[in-house]
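Working notes, structure below.
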Ligand code: IMP
Ligand code: MG
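In the working numbering, the protein residues as written are 96 to 271.
Here it is in structure tokens:
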């Protein structure tokens, strides 16, 4: 494929193997207790689907649509939190996102879920950028630690492009 951006960081099969491992760890951790999986859209769309298919069938599924990025930079603000309500009281919640960068998104979403009386809240991200967390947030499961570079594919986008790529690729930094 000639139009692939940047260079490959994680192949589709490396991702699939790791998603399977994560599903096994998560299943062991909850030990048969029912959970609600909350995936942050659009970035975690493929990760969430692939992961949840491997979790027990009692898993409830919710998708929240939140946004913080503009181009290759965090906008510093979260949009979309006002529309997220559901039945989380007393539930064990597994929060799923594509990538932990500054931590702003997960900090806000976590606060929102706890305000809705979730019984427990644990976070799983596919990727964690090294050394970029300004807002510290505890993440129980990380798929891959990656360098602080902009990545696309497997749900991650650059201005809505490249989400559907099956692998994760690193894009050269371009000036804003
Ligand atoms: P945070 O709020 O700074 O932690 O950023 C988290 C959100 O920003 C993620 O859920 C992604 O949607 C987006 N994001 C952060 N880094 C990247 C990247 O390298 N590529 C694509 N999206 C990113
Ligand atoms: Mg996101």
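We put the CB at the ideal spot given by N, CA and C, even for glycine.
For this session: Check whether the Cβ of residue 246 lies closer than 7 Å to any heavy atom of the ligand IMP, and answer yes or no.
Result: Taking the chain shown and counting its residues from 1, one reaches residue 246 at position 151. Checking the Cβ of residue 246 against the ligand IMP gives yes.
For this session: For residue 210, collect the residues of the same chain with a Cβ closer than 8 Å to its Cβ; drop the 5 residues on either side in sequence, then sort them by chain order.
Result: Taking the first residue of the chain shown as position 1, residue 210 is located at position 115. Hits under 8 Å: none found.
Exercise. Cβ-heavy atom distance between residue 200 and the ligand IMP below 7 Å?
Worked result: As a position in the chain shown, residue 200 is number 105, starting the count at 1. Yes, the ligand IMP has a heavy atom inside 7 Å of this Cβ.
For this session: Report the three-state DSSP secondary structure of residue 143 (helix, strand or coil).
Result: Position 48 of the chain shown holds residue 143. Here residue 143 sits in helix by DSSP.
For this session: Check the C-beta distance from residue 195 over to residue 159 and give it rounded, since I have them as a contact under 8 Å.
Result: By one-based count along the chain shown, residue 195 stands at place 100. By one-based count along the chain shown, residue 159 stands at place 64. Residue 195 to residue 159, Cβ: 16 Å. No contact.
Exercise. To which residues of the same chain is residue 148 closer than 7 Å at the C-beta, ignoring the five residues directly before and after it?
Worked result: Numbered from its first residue, the chain shown carries residue 148 at position 53. So the list is empty, once near-sequence residues are dropped.
For this session: Please list, in chain order, all residues of the same chain as residue 221 whose beta carbon is under 6 Å from its beta carbon, the five residues on each side excluded.
Result: Taking the chain shown and counting its residues from 1, one reaches residue 221 at position 126. Excluding positions up to five away in sequence, the list reads 142, 193 and 238.
For this session: Measure from the alpha carbon of residue 261 to the alpha carbon of each residue in 129, 140 and 120, then state which is nearest.
Result: By 1-based counting over the chain shown, the position of residue 261 is 166. Cα-wise, what sits closest to residue 261 is 140.
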